[in-house]
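Input: a single structure, listed below in structure tokens.
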Amino acid sequence: MQPGGYLDARRAVEATVRERAGRVLGGLVRYLGDFALAEDVYQDAVARALERWPVNGVPANPAGWLVTTARRAALDRLRHHAVRAAKAPDLALLARLEHDVDDDVLDIPDERLALLFTCCHPALSEEARVALTLRTLGGLQTAEIARSFLVPEPTMAQRLVRARRKIADAGIPFRVPGRDELPERLSSVLAVLYLVFNEGYASTSGDGLFRVDLSAEAIRLTRVLTELLPEPEVRGLLALMRLTDARRDARVGHDGGLVTLEEQDRGRWDAAAIAEGIALVRGALADRRPGPYQLQAAIAAVHAEARTAAETDWWQIVGLYTALATLAGTPVVSLNRAAALAMAAGPEVGLAAMDRPEVAGPLADYHLWHAARADLLRRAGRRDAAAAAYREALARVTNPVERRYLEARLAAVTP
Amino acid sequence: MQYLLLIYEDEALSPTTDEARTAMMGAYFAYTKELRDAGVFVGGDALHPIATATTVRVRDGRATTTDGPFAETKEQLGGYYLINVPDLDAALKWAAKIPAAHTGSVEVRPIVDFG
Numbered sequence: 250m251q252p253g254g255y256l257d258a259r260r261a262v263e264a265t266v267r268e269r270a271g272r273v274l275g276g277l278v279r280y281l282g283d284f285a286l287a288e289d290v291y292q293d294a295v296a297r298a299l300e301r302w303p304v305n306g307v308p309a310n311p312a313g314w315l316v317t318t319a320r321r322a323a324l325d326r327l328r329h330h331a332v333r334a335a336k337a338p339d340l341a342l343l344a345r346l347e348h349d350v351d352d353d354v355l356d357i358p359d360e361r362l363a364l365l366f367t368c369c370h371p372a373l374s375e376e377a378r379v380a381l382t383l384r385t386l387g388g389l390q391t392a393e394i395a396r397s398f399l400v401p402e403p404t405m406a407q408r409l410v411r412a413r414r415k416i417a418d419a420g421i422p423f424r425v426p427g428r429d430e431l432p433e434r435l436s437s438v439l440a441v442l443y444l445v446f447n448e449g450y451a452s453t454s455g456d457g458l459f460r461v462d463l464s465a466e467a468i469r470l471t472r473v474l475t476e477l478l479p480e481p482e483v484r485g486l487l488a489l490m491r492l493t494d495a496r497r498d499a500r501v502g503h504d505g506g507l508v509t510l511e512e513q514d515r516g517r518w519d520a521a522a523i524a525e526g527i528a529l530v531r532g533a534l535a536d537r538r539p540g541p542y543q544l545q546a547a548i549a550a551v552h553a554e555a556r557t558a559a560e561t562d563w564w565q566i567v568g569l570y571t572a573l574a575t576l577a578g579t580p581v582v583s584l585n586r587a588a589a590l591a592m593a594a595g596p597e598v599g600l601a602a603m604d605r606p607e608v609a610g611p612l613a614d615y616h617l618w619h620a621a622r623a624d625l626l627r628r629a630g631r632r633d634a635a636a637a638a639y640r641e642a643l644a645r646v647t648n649p650v651e652r653r654y655l656e657a658r659l660a661a662v663t664p
Numbered sequence: 010m011q012y013l014l015l016i017y018e019d020e021a022l023s024p025t026t027d028e029a030r031t032a033m034m035g036a037y038f039a040y041t042k043e044l045r046d047a048g049v050f051v052g053g054d055a056l057h058p059i060a061t062a063t064t065v066r067v068r069d070g071r072a073t074t075t076d077g078p079f080a081e082t083k084e085q086l087g088g089y090y091l092i093n094v095p096d097l098d099a100a101l102k103w104a105a106k107i108p109a110a111h112t113g114s115v116e117v118r119p120i121v122d123f124g
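Sequences listed follow chains W and F, in order.
Remember, this note's numbering sits 249 above the position in the first sequence when you count from 1.
Remember, this note's numbering sits 9 above the position in the second sequence when you count from 1.
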């Protein structure tokens, strides 16, 4: 086989394996009753697949092959450790493995939901939840996850090891939470998925070549979740992701600079993503169980439905932010509502809302609060005050792309 | 699996009136009974306040004894429960029912099984 052919084959194998990662690993955790063991033997099986399949071809039942290979690896590991006093559970597992190991695996029970809820358990730190979710359900390599979050690989590896240890030592169970716990536990899962999406969305420019497309990964995982658990907030989150991602190409100018929503070329928006997002949020809201993700998606949908920025139904957006503030109010939500209010009722009205103590107080060090004020002051013709506000924003901004944008804005109001 | 539920609360919030004290003890008696009825209770005790604590450290063969807890903290250890439950979720559910969970913090620690 040509060298190029091998690389292509290997890439195809990697994709096939990644696609099935959550399904295979979930099934193994359930069968073996041991998260860490399941992960280890899964990795053994994947390594085998990456060696063999590019040369021998992908088997007819790739997932089944992986499970069988993993079970054999588990049997080896347990036999190896059988010399020391084995605790009762290990012996039972050993017996079961010996009985099953040569059977064909035709049907793998779908344990992806249990896997997702375990990885996103509140007992784990947020960064651990993110890393574990991407590793187990996303099938990403440790190196890929490390690069995506701009963290050294050993650090990420340690994070994953600690998370696995906590699952084992603290007794985090492998299960889908019961009805009474579900709302709180689901919000933890959605927060992880949204965080991954935003991490991907924030890094559209730069060395995108070497970093996994986290936004695409978040969309993929959220889509799987909507199939397994079609709750309205899950569909709302997928809608929000699709609608936000639809604007991706229009966000960055030719010079790599930031292009605001108002200035974007809407012809560059992904119409198919928008159509899906709008359908999803409409369907979710019809269930009459509104939530923060559904409302944020609805706001994005109102923007998406406007052919031009001038045609935006700002009053509808203000109403949606008001509902969001009632349901899950934060100073940032109030800020965004005030910005929408300015577009509907004029800059002075928006400024008054932004300057209310319950908004201004908590956001005094938030660069976007200063930037939003600066923008309204500019629209109100108060150039000196606008310049001062842009300077306050610049003193607090960290993202270099945003910085360049603010500097240009400042220059525009400075004679 | 056995878990130790460590009850931390700001002593400044301790009940000062007889009624408040009685109400608090009643709440804990009820909780302990719930644990026993569920068959998960292994142990549990209230501790005397921090003022009664003494800390011992032995360094280089010398023992030092000091008045007070091992460290000054905003919330102080006031009691514990030892329970036997299937997994962390079960332990967390029980921890949330401890009266002090509403005003203080309950730390849930798994016991090492030297099996």
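The C-beta atom is built at its ideal place from N, Cα and C for all residues, glycine as well.
Only a predicted model underlies this, so the values are computations on that prediction, with no experimental measurement involved.
| Check | Outcome |
| --- | --- |
| Note down, one range per segment and in chain order, each alpha helix (DSSP H) of at least 4 residues found wholly within the segment 436-504 of chain W. | 463-477, 481-494 and 497-500 |
| Straight-line CA distance for residue 571(W) to residue 622(W)? | 19 Å |
| Rounded to whole angstroms, what's the CA-CA distance from residue 455(W) to residue 405(W)? Just pull it up for me. | Summary for residue 455(W): the model assigns pLDDT 48, below 50, so the residue's position carries little reliability, and this model does not support an answer. |
| What are the residues that DSSP puts in a beta bridge with residue 50(F)? | 92(F) |
| Can you give, in chain order, each stretch of the beta strand (DSSP E) that sits fully within the segment 604-629 of chain W and has at least 3 residues? | none |
| List the residues of chain W that residue 97(F) touches, going by C-beta distances under 7 Å, in chain order. | 372, 419, 420, 421 and 422 |
| Alpha carbon to alpha carbon, how far is residue 645(W) from residue 271(W)? | 40 Å |
| When you compare only the Cα positions, how much space is there between residue 392(W) and residue 382(W)? | 14 Å |
| By a C-beta neighbour count over all protein chains shown, 10 Å radius and 16 as the cutoff for buried, is residue 468(W) buried or exposed? | buried |
| When the Cα atoms are used, what is the spatial distance from residue 323(W) to residue 431(W)? | 32 Å |
| When you compare each of 93(F), 106(F) and 115(F) to residue 420(W) by their alpha carbons, which one comes out closest? | 93(F) |
| Residues bridged to residue 114(F) by DSSP? | 17(F) |
| So with Cβ pairs under 8 Å, would you call residue 119(F) a contact of chain W? | yes |
| When you compare only the Cα positions, how much space is there between residue 510(W) and residue 499(W)? | 9 Å |
| Only counting runs of 4 or more residues, tell me where the alpha helix (DSSP H) segments fall wholly within the segment 290-363 of chain W, in order along the chain. | 311-330 and 337-349 |
| Are the Cβ atoms of residue 17(F) and residue 86(F) separated by less than 8 Å? | yes |
| Tell me the residue span of the beta strand (DSSP E) that contains residue 25(F). | Here residue 25(F) belongs to no beta strand (DSSP E), and DSSP marks it neither H nor E. |
| So, helix, strand or coil for residue 76(F), using DSSP? | strand |
| Considering only residues of the same chain and omitting the five flanking positions on each side of residue 24(F), which have a CB-CB separation below 8 Å? | 30, 32 and 33 |
| Locate the alpha helix (DSSP H) running through residue 68(F), then write down its first and last residues. | Counting along the chain, residue 68(F) falls outside any alpha helix (DSSP H), though it belongs to the beta strand (DSSP E) covering 63-68. |
| Does the segment 393-400 of chain W come into contact with the segment 350-359 of chain W, if we say contact requires no fewer than three beta-carbon pairs (one atom in each stretch) closer than 8 Å? | no |
| Could you check what DSSP says for residue 507(W) in three-state terms: helix, strand or coil? | strand |
| Measure the Cβ-Cβ separation of residue 366(W) and residue 425(W) and say whether it is below 8 Å. | yes |
| Is it true that the CB of residue 628(W) sits closer than 8 Å to the CB of residue 672(W)? | In this structure chain W extends from 250 to 664, so residue 672(W) is not present and cannot be described. |
| In its own chain, which residues sit with a C-beta less than 7 Å from the C-beta of residue 78(F), not counting the 5 before and 5 after it? | 59, 62, 64 and 85 |
| Tell me the DSSP secondary structure of residue 87(F) in three-state form. | strand |
| Excluding the 5 residues flanking residue 52(F) on each side, which residues of the same chain have their C-beta closer than 6 Å to its C-beta? | 91 |
| Please list the partners that residue 34(F) has in chain W, where partner means a Cβ-to-Cβ separation under 9 Å. | Those do not exist, as residue 34(F) stays about 29 Å from chain W at its closest Cβ, beyond 9 Å. |
| Once you ignore the five residues that flank residue 555(W) on each side, which residues in its own chain have a CB closer than 6 Å to its CB? | 561 |
| Which of the three DSSP states, helix, strand or coil, is assigned to residue 119(F)? | strand |
| Counting only the same chain and skipping the five closest in sequence on each side, list residues whose C-beta sits under 7 Å from that of residue 480(W). | 435 |
| Output yes or no for whether 8 Å exceeds the beta carbon distance between residue 15(F) and residue 116(F). | yes |
| How many angstroms separate the CA atom of residue 604(W) from the CA atom of residue 108(F)? | 41 Å |
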